[in-house]
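There are 2 protein chains.
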Amino acid sequence: MPTPTCIALPKVRFERGFLAERARLVRDVVIPYQWDALNDRVPGAERSGTVSNFQIAAGEKSGEFYGLWFQDSDLAKWLEAASYRLATHPDAALEAELDGIIATIAKAQQPDGYLDTFIQLKAPDQRWTRLYEWHELYIAGHFIEAGVAHFEATGKRTLLDVVCKLADMVDRKFGPGEGQRRGYPGHEEIELALVRLARATGERRYVRLAAFFINQRGTAPNYFDDEVQRLKLEKLPVYFYRGRWAYLQANKPVRDEPEPVGHSVRAMYLYTAMADLARELNDDSLRSACQTVWRNLCDYHTYVTGAIGSEWMGEQFSIRYDLPNDRAYAESCAGIGLVFFARRMLDLELKGEYADVMERTLFNNVLAGMALDGKTFFYVNPLEVRPEEARHRYDQHYVKTSRVPWFGCACCPPNIARTLTSLGAYTHSVQADGLAVHLYTDCALEADVAGAKVKLAVATDYPWDGRVKVTVNPAAPARFTLRLRLPGWCTQPAASLNGAAVDLAAHRCDGYLHLGREWRAGDVVELDFPMSVQRLRAHPHVSYDVGCVALQRGPLVFCVEQADNGEHLSLLRLPKTAELAARFDPALLGGCVVIEAPAERLQPATQELYSTAEPAVAPAQLKAVPYCLWNNRGEGEMRVWIRES
Amino acid sequence: MPTPTCIALPKVRFERGFLAERARLVRDVVIPYQWDALNDRVPGAERSGTVSNFQIAAGEKSGEFYGLWFQDSDLAKWLEAASYRLATHPDAALEAELDGIIATIAKAQQPDGYLDTFIQLKAPDQRWTRLYEWHELYIAGHFIEAGVAHFEATGKRTLLDVVCKLADMVDRKFGPGEGQRRGYPGHEEIELALVRLARATGERRYVRLAAFFINQRGTAPNYFDDEVQRLKLEKLPVYFYRGRWAYLQANKPVRDEPEPVGHSVRAMYLYTAMADLARELNDDSLRSACQTVWRNLCDYHTYVTGAIGSEWMGEQFSIRYDLPNDRAYAESCAGIGLVFFARRMLDLELKGEYADVMERTLFNNVLAGMALDGKTFFYVNPLEVRPEEARHRYDQHYVKTSRVPWFGCACCPPNIARTLTSLGAYTHSVQADGLAVHLYTDCALEADVAGAKVKLAVATDYPWDGRVKVTVNPAAPARFTLRLRLPGWCTQPAASLNGAAVDLAAHRCDGYLHLGREWRAGDVVELDFPMSVQRLRAHPHVSYDVGCVALQRGPLVFCVEQADNGEHLSLLRLPKTAELAARFDPALLGGCVVIEAPAERLQPATQELYSTAEPAVAPAQLKAVPYCLWNNRGEGEMRVWIRES
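Chains as they are written, first to last, in this note's numbering: chain A, 1 to 645; chain B, 1001 to 1645.
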């Protein structure tokens, strides 16, 4: 059984820099704020009802279930995030809050282990009858993740026991045995959670259950066909319009579908679990399926911000190259799912392209989901917004022109929180013979590497500056390989070891610099990733981006905002020859790099709607800010893809 | 009371040329085909049920109502078209078919004059209770138009009597008097029909009823608010999302709304009636309201094809400049409504801009609605189609990638038919002191002009060629003014009278050449409207068209199709300096002008989705065909707005 490769969370500390600041915001603001939201204590935010539902199910109060059929999962994700916070920043008051709500959850759990307040309060006789629609297994998955996180953070088994009882109940109910259901979740999540539970408890049964769900998925006869027949359903919800069970990746066995299809969050959670299982079970066919779907995902379905899922209806993937900017769905949760998938692929094979995507999605799509004050959130992350149009056109009605405090369907905010409180799981990993650095940010960590205790200090102003100083401090001299990612966006990386230049050609492999040697305390690797401003162009089959460029500097994609460039951003043109200058503005948006360039702006030649007159061209100054920081200065137009002239 | 200005249909004959050919197609193919469709005799087409509904209501057969609540109107529009056909091309068999169905309609009509098979068969106790939604008055309007047309074509009063009885019933029910309803139609149409009925019968009561509907509309307290309160409706259908009663132009009194809003067909029928009434009643405030809404319609809401209504949800107007090409709704019926409105504005004031819009919309948007074989139709007329995307994206699900034989909601095909069978009502009009030619097409007509019998022969290959020869043949020498439109698209028109050049500057007024003189038999006016290929540019606030040009030659807007230019039309670029050559291709699409130019085509520099590499540019040949003829060679991409480089 392969060992988990994450470095335990408390062992990676982030104290300064861009990511650390966002993580601090989550700890100090988002987690308390979301706890208030889950308790319906945020004025002006949409009602959640989540905690209340558990209190009712636990018999602590009377009332009716409120919210969507997957409302429970909001609490589970928050519990996971809060546990990560406790792991890195212990806090007795928060721990007591968790103890309290976990006791309520335990009381709400039914004697046989079942736990789903929607079903318990609304349809107790209909357990497991609508797997295609209801989210019992999805919710179970999130509680399992929370239980593992809480256990690892606090050492307490209170929530872990609850989720083991729940997982055992699921394990009795589903499987290939006699009297067991052959079904699997309509919304994947429990599969990856079961792998985590197996790792935390050492109980391999959970891996087998996850493998059953994965292997059963999409096989003929289709479980969901049987289910809707039993339910005598005449028609499915409209979001199944495109390919029926493809919406939930169950149109064919998972190894037979090379293309990312259907609901994008579901797809990511599925692929994450497939990658987990490929590794746990050393399953080559699953590994190969993951590689194929990864290739197609990256080559045809990903926005330049790392966002995925371009179709609103069903929150799903569209056809290849169909990546509209103003109607992007690009859900924050789908981006988080892609970060999960990429991270698992890195465990399968250490290749820079996985870390490149993980970085791009985290730094752009995911971070954009949360405001600078940590109090408002985007669910949908378009790459172009014209607020007037988004407010009026029905086909953009899901595009919010400003972040909002909470959502009726509040999957994204706690998902962002749990990701940013567990950054250490993404930045580094250990291998049998060494230690890898995937994402650069200022931090310090301790790890057991090839039998040695190693401390690593990473000093950098990334993502604003590409210089990184890595100080290696083994307790005693130790031989291992330090693997340092060479970001894909960087065309001319340089490295030195204790002041002597490293021959990159000799030490570079699959996007990582491999430095195998006996490391001694105080060894210093200096990396330099020059951050020039790059003009990215989309494959011309992305019709929406033809004639446009996106500006990228380091891992960050930039955008132009109305606040800096006035309205009608589609009239702004960047000449091919214009020089792009980057500078750090400490006063802007909490301090960020801005890109400036001489540009031009089209102007109406006439008030006529159509005429033979060419528009006039006036000089203009273009100013771009990081996409992840957009919409922190009030509502206004925004555009990632800028016309080139 | 102003005289009607249309020239009676049989007095204008179209025998050759582009429009005549389309009109012939309607006579020979479309009308019989649609009669079969209304009788559910077209294999593979969606069921209509329309004739059957009347037979059931008439007691001629048993069965249940089938179709939408406005299904009756399909028959009414067909009756109107068939009547026009009888007017110009008498046909005993068709006339007998009409006599038969009119007898059925008369039998279906209730003793008090009420006629609506949906209500009669489905909800007989709910007459006039849901004006905001059901279409009783709309259907009545279409039957009234049909009754007038049938009477004018055949001299028979059979249908006219039915519709007078119906109109009288409505006139008793609605009005300002005691016991009368203050309501008005949710879908306008009866207002313009009542004006036609008044003209045909001389009964001014019908004009007063139309004026009541128009003046009452949108006043406070809002009739529809009262209605939905009476109905205890908790919420309105989603298509009211934008501005509640604005969807049906009843958010404020009609004189107070400067912007075209809501459902675009309803809006056009309303404005048409407003223009009618402004003239009938010499109402300056209505005239001014028409002029204002016309201005805003043309300056902010019209596609270059003359199409209107850019929003699918609710088939309605969007905000200013919001004219997406691939998600255009651009319903054929809305274009027809715009032709009606423009024609009425020409009656209010003879200005070329009204005829320009009428011509643009008729020749491009409306004609595109019907296939070259007259058997399939577009309801929605986008300006850009990528079939794969239109088939897969939900927000384009209403875009058909090929014309279809019939629709469940089949308003458009018979609307196209009635327009093309009554072309003479649009091409010319008479004034007290003269005769005007609005649209050029080969034709011959007779008219009473200022007391004289005048024959006019128009010889031209328009729209392929801009030379027009008008031969004037008064029965005896007669003094009157011949007003010949100078098309707005033509920058250098020329004219001669009996061989001598006409000084245009001296005789030009508001887009018309005014030739007042004593005309003698054989007088010849020759007009020359040179048709160079023009590159049209949209106002730059139409973000979708920035950087693109539309090609126009004469009244026709052109498009590029995959059949001529390969796929990925967004990669085609027309250099600013490229020479555009036009030639007539007798073998293509029934004979048409094509535009050709040396162009270029972007090619992927790499298979990567995003890279810093610039796409390669390869030479290409661009070939454009008239937009109204697109999609007659199988499914494929199409694009009106072409990137310019």
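C-beta atoms are modelled at their ideal positions from N, C-alpha and C, and glycine is treated no differently.
Per-residue contacts from residue 242 of chain A into chain B (C-beta, under 7 angstroms) = Within chain B, 1392 have C-beta atoms less than 7 angstroms from the C-beta of residue 242 of chain A, given in sequence order.
Taking only beta-carbon atoms, is residue 1322 of chain B less than 8 angstroms away from chain A?
-> Yes, because at least one Cβ of chain A sits closer than 8 angstroms to the Cβ of residue 1322 of chain B.
Residue(s) in a DSSP beta bridge with residue 1473 of chain B | Partner(s): B/1455.
When DSSP labels each residue in this structure, what does residue 529 of chain A get in the three-state scheme?
-> Residue 529 of chain A carries a coil assignment under DSSP once its states are collapsed to helix, strand and coil.
Given residue 1116 of chain B as reference, the closest of B/1150, B/1630, B/1162 and B/1099 once Cα atoms are compared | Among B/1150, B/1630, B/1162 and B/1099, the Cα nearest to that of residue 1116 of chain B belongs to B/1162.
Completely contained alpha helix (DSSP H) runs for the segment 1394-1448 of chain B, where each covers 4 or more residues = Counting whole runs of 4 or more residues, the segment 1394-1448 of chain B contains the alpha helix (DSSP H) stretches 1412-1420 and 1424-1427.
Would you please verify whether the beta carbon of residue 1001 of chain B is less than 8 angstroms from any beta carbon of chain A?
-> In this prediction, residue 1001 of chain B scores a pLDDT of 41, lower than 50, which makes its location untrustworthy; no coordinate-derived value is stated.
Would you decide whether residue 1401 of chain B is buried or exposed? Buried here means 16 or more other CB atoms lie within 10 Å of its CB.
-> The residue is buried, with at least 16 neighbouring Cβ atoms inside 10 Å.
Have a look at A/393, A/507 and A/524 and flag the residue whose alpha-carbon is nearest the alpha-carbon of residue 516 of chain A.
-> Comparing Cα positions, the closest option is A/507.
Is any beta-carbon of chain B found at less than 8 angstroms from that of residue 386 of chain A?
-> Cβ-Cβ to chain B under 8 angstroms: yes for residue 386 of chain A.
Per DSSP, the bridge partner or partners of residue 1585 of chain B = DSSP lists B/1592 as the beta-bridge partner residues of residue 1585 of chain B.
For residue 623 of chain A, name the three-state secondary structure that DSSP assigns.
-> Residue state, collapsed to three classes: strand.
Do the CB positions of residue 1102 of chain B and residue 389 of chain A come within less than 8 angstroms of each other?
-> Not in contact: residue 1102 of chain B and residue 389 of chain A (Cβ atoms no closer than 8 angstroms).
Quick check: the segment 132-152 of chain A against the segment 181-191 of chain A, are there 3 or more CB pairs under 8 angstroms?
-> They touch, by the three-pair rule.
Which residues in chain B sit within 7 angstroms of residue 571 of chain A, going by Cβ to Cβ distance?
-> In chain order: 1540 and 1546.
Which residues, in order along the segment 290-314 of chain A, keep a beta-carbon less than 8 angstroms from a beta-carbon of chain B?
-> Cβ contacts with chain B: 298, 299, 300, 302, 304, 311, 312, 313 and 314.
Whose C-beta lies closer than 6 angstroms to the C-beta of residue 1001 of chain B among residues of the same chain, with five residues either side of it excluded?
-> With a pLDDT of only 41 at residue 1001 of chain B, under 50, the local geometry of the prediction cannot be trusted, and the value read off the model is given with reservation. Excluding residues within five positions, none has a Cβ falling inside 6 angstroms.
Spatial distance of residue 1573 of chain B from residue 1603 of chain B (CA atoms) | Each residue's Cα considered, the two are about 11 angstroms apart.
Taking C-beta pairs closer than 9 angstroms, name the residues in chain B that residue 528 of chain A reaches, listed in chain order.
-> The contacting residues do not exist; residue 528 of chain A stays about 19 angstroms from chain B at best.
Residues of the segment 1567-1595 of chain B whose Cβ lies closer than 7 angstroms to any Cβ of chain A, in chain order = Sequence-ordered contacts of the segment 1567-1595 of chain B with chain A read 1568, 1570 and 1571 [C-beta pairs closer than 7 angstroms].
Quick one: give me the first and last residue of the beta strand (DSSP E) that residue 1560 of chain B is part of.
-> Note, residue 1560 of chain B: beta strand (DSSP E), 1556-1561.
Quick one, which of A/609, A/538 and A/621 has its alpha-carbon nearest residue 1611 of chain B's?
-> When only C-alpha atoms are compared, the closest one is A/538.
Output the residue ranges of the alpha helix (DSSP H) runs that lie fully inside the segment 24-78 of chain A and measure 4 residues or longer, sorted by chain position.
-> Counting whole runs of 4 or more residues, the segment 24-78 of chain A contains the alpha helix (DSSP H) stretches 31-38 and 50-57.
Would you report the Cα separation of residue 1286 of chain B and residue 1267 of chain B, rounded to the nearest angstrom?
-> Using only the alpha carbons, I get a separation of about 15 angstroms.
Can you pull the chain A residues whose beta carbon is under 7 angstroms from the beta carbon of residue 1319 of chain B, in chain order?
-> Annotation: Cβ neighbours of residue 1319 of chain B in chain A (cutoff 7 angstroms, chain order): 388, 389 and 392.
Figure out for me which residue from B/1009, B/1042 and B/1112 has the closest Cα to the Cα of residue 1082 of chain B.
-> For the residues B/1009, B/1042 and B/1112, the minimum Cα distance to residue 1082 of chain B belongs to B/1009.
Would you please state the rounded distance, in angstroms, between the beta carbons of residue 1027 of chain B and residue 1085 of chain B? I believe it to be under 8 angstroms.
-> In this structure residue 1027 of chain B is in contact with residue 1085 of chain B, their Cβ atoms being roughly 5 angstroms apart against a cut-off of 8 angstroms.
In or out: residue 1331 of chain B buried (at least 16 other Cβ within 10 Å) or exposed?
-> By the neighbour-count rule (16 or more Cβ atoms within 10 Å), residue 1331 of chain B is buried.
Near residue 1357 of chain B, which residues of its chain fall below 8 angstroms by C-beta distance, leaving aside the five closest residues on each side in sequence?
-> Hits under 8 angstroms: 1298, 1302, 1306, 1338 and 1342.
With C-beta atoms as the reference, is residue 620 of chain A less than 8 angstroms away from residue 633 of chain A?
-> In this structure, the beta-carbon distance from residue 620 of chain A to residue 633 of chain A does not fall below 8 angstroms.
Neighbouring residues, chain A, relative to residue 1535 of chain B (Cβ below 8 angstroms) | Simply 612.
What number of angstroms, rounded off, separates the C-alpha of residue 1446 of chain B from the C-alpha of residue 1502 of chain B?
-> For residue 1446 of chain B and residue 1502 of chain B, the distance between alpha carbons rounds to 25 angstroms.
Own chain residues within Cβ distance below 6 angstroms of residue 531 of chain A, not counting five before or after = Leaving aside the five residues that flank residue 531 of chain A on each side, the residues in its chain whose CB is nearer than 6 angstroms to its CB run, in chain order, 466, 553 and 554.
CB residue 468 of chain A to CB residue 456 of chain A, shorter than 8 angstroms?
-> At the C-beta level, residue 468 of chain A and residue 456 of chain A stay beyond 8 angstroms of one another.
Under 9 angstroms from the C-beta of residue 1197 of chain B: neighbouring residues of chain A | Within chain A, no residue comes near residue 1197 of chain B; the closest Cβ sits about 36 angstroms away, beyond 9 angstroms.
Identity of the residues DSSP links to residue 519 of chain A by a beta bridge = Per DSSP, A/478.
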